[in-house]
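Those protein sequences? They're chains A and B, same order as listed.
The numbering used here applies: residue 1 is where the first sequence begins, and numbers increase by one.
The numbering used here applies: residue 1001 is where the second sequence begins, and numbers increase by one.
We put the beta carbon where it would ideally sit given N, CA and C, even for glycine.
Computed from a predicted model, the values in this text were never measured in an experiment.
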Amino acid sequence: MTPSNSNPAPHMLPPGHLGMISVITTEVFFFASLIVVYLAYLGKSISGPLPQDTLEMGLVSINTVALLVSSVTVVFALNALRKGNNTRFLLFMLLTVLLGAWFLVGTAIEWQGLIADKHLALQTNLFGTTYYTLVGFHAFHVTFGVLALFFIWCCGVFGWIQKHHHQNIEYVSWYWHFVDVVWIAVFLVVYVIGR
Amino acid sequence: MTNALPTLPPSKFHEWITTVDHKKLGVLYMVTGFVYLVVAGCEALMIRWQLAIPNNDILSPDTFNAFFTMHGTTMIFLVGMPILLGAANYFIPLVIGARDMAFPRLNAFGYWLFFFGALLLYFSFIAGQGLTGEEGAPNVGWFAYAPLTSTTFSPGSATDYWVISLFIAGLGSIMTAINLVATILTMRCEGMTLMKMPLFAWMMLVDAGLILIVLPPLAAIQIMLLLDRQFGAHFFDAQAGADPLLWQHMFWFFGHPEVYILIIPGFAYVSEVVPVFSRKVLFGYPMMVAATVSIGFISLGVWAHHMFAVGLSPAILAYFSGATFLVGVPTGMKIFNWIATMWGGHIRFDTPMLFATGFISMFVLGGMTGIMLAVVPMDWQLTDTYFVVGHFHWVLFGGLIFAIFSGFYYWFPKVTGKMLNETMGKWQFWFLFVGFLLTFGPMHMAGFEGMPRRIYTFMPDRGLELWNMLSSIGALVQVFGFLFFIINVVWSLRKGEDAGDDPWDAWTLEWSTTSPPPPWNFAETPTVASRRPLWDLKHPDDPDWKYE
Chain A
1 MTPSNSNPAP
11 HMLPPGHLGM
21 ISVITTEVFF
31 FASLIVVYLA
41 YLGKSISGPL
51 PQDTLEMGLV
61 SINTVALLVS
71 SVTVVFALNA
81 LRKGNNTRFL
91 LFMLLTVLLG
101 AWFLVGTAIE
111 WQGLIADKHL
121 ALQTNLFGTT
131 YYTLVGFHAF
141 HVTFGVLALF
151 FIWCCGVFGW
161 IQKHHHQNIE
171 YVSWYWHFVD
181 VVWIAVFLVV
191 YVIGR
Chain B
1001 MTNALPTLPP
1011 SKFHEWITTV
1021 DHKKLGVLYM
1031 VTGFVYLVVA
1041 GCEALMIRWQ
1051 LAIPNNDILS
1061 PDTFNAFFTM
1071 HGTTMIFLVG
1081 MPILLGAANY
1091 FIPLVIGARD
1101 MAFPRLNAFG
1111 YWLFFFGALL
1121 LYFSFIAGQG
1131 LTGEEGAPNV
1141 GWFAYAPLTS
1151 TTFSPGSATD
1161 YWVISLFIAG
1171 LGSIMTAINL
1181 VATILTMRCE
1191 GMTLMKMPLF
1201 AWMMLVDAGL
1211 ILIVLPPLAA
1221 IQIMLLLDRQ
1231 FGAHFFDAQA
1241 GADPLLWQHM
1251 FWFFGHPEVY
1261 ILIIPGFAYV
1271 SEVVPVFSRK
1281 VLFGYPMMVA
1291 ATVSIGFISL
1301 GVWAHHMFAV
1311 GLSPAILAYF
1321 SGATFLVGVP
1331 TGMKIFNWIA
1341 TMWGGHIRFD
1351 TPMLFATGFI
1361 SMFVLGGMTG
1371 IMLAVVPMDW
1381 QLTDTYFVVG
1391 HFHWVLFGGL
1401 IFAIFSGFYY
1411 WFPKVTGKML
1421 NETMGKWQFW
1431 FLFVGFLLTF
1441 GPMHMAGFEG
1451 MPRRIYTFMP
1461 DRGLELWNML
1471 SSIGALVQVF
1481 GFLFFIINVV
1491 WSLRKGEDAG
1501 DDPWDAWTLE
1511 WSTTSPPPPW
1521 NFAETPTVAS
1531 RRPLWDLKHP
1541 DDPDWKYE
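Structure, rendered in structure tokens:
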């Protein structure tokens, strides 16, 4: 099995890379399904309230900025960890968690307004059904991401995070970037095209 | 002196339920799959008993609906998927020269999700009645079309059990797929470039990729259905402006690739068995890889051929009809490659090869009826008749089940260290083969006569009695085939001949280690230089790597 002209070992990535890419691939098709359904049902709702009556750009724009910035801060955090600057790492990690949490609180406030003032709930009409499902599943993913990042931050506070954990935390950051990109798609579909 | 409590040697039970070893998990998957095969077989027998004669009343219409739903759901999700993923779990690390899968704990988690998801589906028989006293088990068909699944038409909680159990089992499948992709792409032994992988690994890579792409849409619509049923959402509610056809589009976007997810591993087993039993190199390896990848891609664009009768526009009909014909091209390439491999070979008709040739011949015929159904006017005539039932059983039974048995007889010696009995294996093959022809052949005729699928009985004097009686007799003949199988496995495990490391004089890496393999698979991770590393080892004077 070991002849003289044995081929060199194929250049292989760490398994974690492929694992995370696979997770994100499968999630992409999950959100693609929700978005396709949202677009297929756009304007099909028989009764109101409709997107143009309910959705407003103000709060959601601030939320969007928060989420986009959090994708940058997580990169800063990782760079700090790679250089062994633990204080800086914890600071930017906390900032990321807070920005993610801000997005969630902002969404909650927006939904509160939609439900109480605009009388739009999941059961109200087809628009409500598709809107809350799409935005809700994204928010659910953000929640998971915030919890994961918060867990890492806590571990960091207790001094359990070492330089060699860099790779694993980077995988969490890939997930976080993915959640961010999905939000850009959801934002475009729901708030830009959908209105 | 130590203060620790005396530790007992871990029990076998404890060892199996806590294992993260890919071989043990593979065995768990396959055993679970074969148990559900018996369950689904019994459901099918009840269906054939009910349909043996006109106006029979063995099963009530509701029970009949539950039985065909559970038969289909079980065969696809609880038999096909676990056996195929289990075999991949067991053999992928072995054929690529790795010591385990990339993520062993994720692997165990995936199995147990599948295990409990499957239990949940069958729990519905006793718990699905809900508060309304409706039929226990799901009875909406395995593709659960909207709006039949709305609470109006399916009260009770049977449909919710269907949704939740398949969602959980599906999560397990996705985790296994993630593991397979990562393992195949990053854990290959030294020298094994992508184009030196055994075809088994290539085909499972494509298979895992398909799972990653098409299971999420199923999960998404299952969640939507659950929101509709439990939280008053309107995804499939035509009165709110929704389109129930959306379910069909989304379901078949999953459902059509799903049948390829089931059959591609079948291709994989046959691609390993045919060369070994023809004593030749597989003909056209690069073409096989290309054909598998193309089948994967094309399968994503043919879903609406399940929906020709719902009123699609002519352009869409033409596209989906044409795309479906296109699948025949790469599939035909594979068939010719297998035949060319056998051509001029020194063929040994041991049981694995019998099943493999059974697979090739029957799969060709099943493919032909598939092409017939892809012709739109023909489909309008035959849609939802027994012709369709005959067609997909031809590919999934005559194709997949035969391929599974081919692989089973081929690799059983590796997994257990014992050979299966050849005589009983041949009896099993011939009983299954004749029973299969007798069961599913007449279904095509009943379909031509206009017998719709999923009806619990039929009238006399419509020209259907003969075909249905023949199908039911065929089902009984198959029972003998399965009995031979079970007896053979039990007998061989106790008294079978010792297999040795390499009973078939095969060429891939799994045969280079002991039978059964040690927990670490390979004492030294192997280095390969060709697609047939064991040939190189056995014939140092004329190794394959000189020619590849």
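What does the alpha-carbon distance come out to for the pair F1429 of chain B and G1172 of chain B? In the second sequence, the residue the question calls residue 1429 of chain B occupies position 429. In the second sequence, the residue the question calls residue 1172 of chain B occupies position 172. The alpha-carbon atoms of F1429 of chain B and G1172 of chain B are separated by roughly 32 Å.
Kindly indicate which three-state DSSP category P3 of chain A falls into: helix, strand or coil? The sequence position of residue 3 of chain A within the first sequence is 3, counting from 1. At P3 of chain A the pLDDT is 39, less than 50, meaning the model places this residue with poor confidence and gives no usable figure here.
Counting C-beta neighbours from all protein chains within 10 Å, is the total for K1414 of chain B 16 or more, i.e. buried, or is it exposed? In the second sequence, the residue the question calls residue 1414 of chain B occupies position 414. So K1414 of chain B ends up on the buried side.
Quick one: what does DSSP say E1190 of chain B is sitting in, helix, strand or coil? Residue numbering aside, residue 1190 of chain B sits at position 190 when the second sequence is read from its first letter. Judged by DSSP in its simplified three-state form, E1190 of chain B adopts strand.
Tell me the residue span of the alpha helix (DSSP H) that contains P1330 of chain B. Reading the second sequence from its first residue, position 330 is the one you call residue 1330 of chain B. Where P1330 of chain B is concerned, the enclosing alpha helix (DSSP H) stretches over P1314 to M1342.
Against chain A: residues of the region 1169–1185 of chain B by CB proximity under 8 Å: I1174, A1177, I1178, N1179, V1181, A1182, T1183 and L1185
Is P1452 of chain B helix, strand or coil when you go by DSSP? Locating residue 1452 of chain B in the second sequence gives position 452, counting from the first residue. Of the three classes helix, strand and coil, the one that applies to P1452 of chain B here is strand, per DSSP.
May I ask you to list the residues that DSSP assigns as paired with K1418 of chain B? Counted from its first residue, the second sequence places residue 1418 of chain B at position 418. Bridge partners of K1418 of chain B: B:D1498.
Which two residues bound the contiguous alpha helix (DSSP H) that contains F1067 of chain B? Counting from one through the second sequence, the residue named residue 1067 of chain B turns up at place 67. Note, F1067 of chain B: alpha helix (DSSP H), P1061 to T1073.
Check the C-beta distance from T1183 of chain B over to A1102 of chain B and give it rounded, since I have them as a contact under 8 Å. Position 183 of the second sequence holds residue 1183 of chain B. Position 102 of the second sequence holds residue 1102 of chain B. Their Cβ separation, rounded to whole angstroms, is 4 Å, which keeps T1183 of chain B and A1102 of chain B in contact under 8 Å.
Taking 7 Å as the CB-CB limit, is M1001 of chain B close to chain A? Taking the second sequence and counting its residues from 1, one reaches residue 1001 of chain B at position 1. Its pLDDT being 46, under 50, M1001 of chain B is placed unreliably in this model, and the value from its coordinates should be taken loosely. With 7 Å as the cut-off, M1001 of chain B does not count as an interface residue toward chain A.
Straight-line CA distance for N1089 of chain B to W1016 of chain B? The count along the second sequence starts at 1 and reaches residue 1089 of chain B at position 89. The count along the second sequence starts at 1 and reaches residue 1016 of chain B at position 16. A straight line joining the alpha-carbon of N1089 of chain B with that of W1016 of chain B spans about 15 Å.
Would you please verify whether the beta carbon of Q123 of chain A is less than 7 Å from any beta carbon of chain B? Numbered from 1 along the first sequence, position 123 holds the residue referred to as residue 123 of chain A. Yes, Q123 of chain A lies at the interface with chain B (some Cβ there is under 7 Å from its Cβ).
Bridge partner(s) assigned by DSSP for T1183 of chain B: Position 183 of the second sequence, counted from the first residue, corresponds to residue 1183 of chain B. T1183 of chain B is not bridged by DSSP to any residue.
So if I threshold CB-CB distances at 7 Å, which residues from the region 141–152 of chain A count as touching chain B? none
Pick helix, strand or coil for T1527 of chain B, following the three-state DSSP scheme. Here residue 1527 of chain B corresponds to residue number 527 of the second sequence, with the count starting at 1. If DSSP states are grouped into helix, strand and coil, T1527 of chain B belongs with the strands.
Cβ-Cβ separation, F1236 of chain B to A1242 of chain B (assumed contact under 8 Å), whole Å: Numbered from its first residue, the second sequence carries residue 1242 of chain B at position 242. Numbered from its first residue, the second sequence carries residue 1236 of chain B at position 236. Sure, about 6 Å apart at Cβ, within 8 Å.
First through last residue of the alpha helix (DSSP H) which encompasses P1516 of chain B: In the second sequence, the residue the question calls residue 1516 of chain B occupies position 516. It is not in any alpha helix (DSSP H) - P1516 of chain B carries neither H nor E in the DSSP assignment.
Contacting positions in the region 13–26 of chain A - beta carbon closer than 7 Å to chain B: L13, P14, P15, L18, G19, S22, V23, T25 and T26
Tell whether a beta-carbon distance below 7 Å holds between G1086 of chain B and M1030 of chain B. As a working mapping, residue 1086 of chain B is identified with position 86 in the second sequence. As a working mapping, residue 1030 of chain B is identified with position 30 in the second sequence. The answer is yes: Cβ separation under 7 Å.
Could you tell me the distance, in whole angstroms, from the CA atom of L1354 of chain B to the CA atom of G136 of chain A? The residue given as residue 1354 of chain B occupies position 354 in the second sequence. The residue given as residue 136 of chain A occupies position 136 in the first sequence. The straight-line gap from Cα to Cα measures roughly 53 Å.
Under 7 Å, Cβ to Cβ, is there at least one residue of chain A near A1220 of chain B? Counting from one through the second sequence, the residue named residue 1220 of chain B turns up at place 220. For A1220 of chain B, the answer is yes, since a Cβ of chain A falls inside 7 Å of its Cβ.
Flag this pair as yes or no: are the beta carbons of G1264 of chain B and M1203 of chain B separated by less than 7 Å? Here the question's residue 1264 of chain B lines up with position 264 in the second sequence. Here the question's residue 1203 of chain B lines up with position 203 in the second sequence. It is worth fixing the name first, because residue 1264 of chain B is Ile in this sequence and not Gly. In contact: I1264 of chain B and M1203 of chain B (Cβ atoms closer than 7 Å).
Taking the beta carbon of V186 of chain A as the centre, do at least 16 other beta carbons fall within 10 Å, making it buried, or is it exposed? In the first sequence, counting from the first residue as 1, residue 186 of chain A sits at position 186. Buried: at least 16 other Cβ atoms inside 10 Å.
Taking 7 Å as the threshold (beta carbon to beta carbon), is H1234 of chain B in contact with chain A? Taking the first residue of the second sequence as position 1, residue 1234 of chain B is located at position 234. It does; some Cβ of chain A falls within 7 Å.
Residues of chain D with CB closer than 9 Å to the CB of I169 of chain A, please, in chain order. Chain labels in this structure do not include chain D; the protein chains are A and B.
Using the three-state DSSP reduction, which class does T1385 of chain B fall into: helix, strand or coil? As a position in the second sequence, residue 1385 of chain B is number 385, starting the count at 1. T1385 of chain B falls in the strand class under three-state DSSP.
Sort B:S1157, B:D1207 and B:N1055 by Cα distance to V1181 of chain B and report the nearest one. Looking up residue 1181 of chain B in the second sequence gives position 181. V1181 of chain B has its Cα closest to that of B:D1207, out of B:S1157, B:D1207 and B:N1055.
So which residues on chain B does I46 of chain A lean against when the C-beta distance must stay under 7 Å? Taking the first sequence and counting its residues from 1, the one referred to as residue 46 of chain A is at position 46. Those are A1240 and G1241, listed as they occur along chain B.
Quick one, are the C-beta atoms of W1427 of chain B and F1359 of chain B less than 7 Å apart? Residue mapping note: residue 1427 of chain B aligns to position 427 of the second sequence, counting from 1. Residue mapping note: residue 1359 of chain B aligns to position 359 of the second sequence, counting from 1. Taking 7 Å as the Cβ cut-off, W1427 of chain B and F1359 of chain B do not qualify as a contacting pair.
Closest by C-alpha distance to V69 of chain A, when choosing among A:T130, A:L98, A:I152 and A:Q167: The count along the first sequence starts at 1 and reaches residue 69 of chain A at position 69. Considering only alpha carbons, the answer is A:L98.
7 Å is my cut-off, CB to CB: does L126 of chain A come that close to chain B? Stepping through the first sequence from its first residue, residue 126 of chain A is reached at position 126. Chain B, which has a Cβ nearer than 7 Å to the Cβ of L126 of chain A, makes this yes.
Chain-ordered neighbours of L1199 of chain B on chain A, where CB pairs are closer than 8 Å: Position 199 of the second sequence, counting from 1, holds the residue named residue 1199 of chain B. None at all; the shortest Cβ gap to chain A is about 17 Å.
Residue closest to L95 of chain A, alpha-carbon to alpha-carbon, out of A:L188, A:V72 and A:K163: As a working note, residue 95 of chain A is residue 95 in the first sequence. From the listed residues A:L188, A:V72 and A:K163, the smallest Cα separation to L95 of chain A is found for A:V72.
Between which two residues does the alpha helix (DSSP H) containing A1304 of chain B stretch? For the purposes of this step, residue 1304 of chain B is taken as residue 304 along the second sequence, with counting starting at 1. A1304 of chain B -> no alpha helix (DSSP H), and no H or E assigned at all.
Compare the beta carbon distance of R1453 of chain B and D1384 of chain B with 7 Å and say whether it is the shorter of the two. In the second sequence, the residue the question calls residue 1453 of chain B occupies position 453. In the second sequence, the residue the question calls residue 1384 of chain B occupies position 384. Yes, the Cβ-Cβ distance between R1453 of chain B and D1384 of chain B is below 7 Å.
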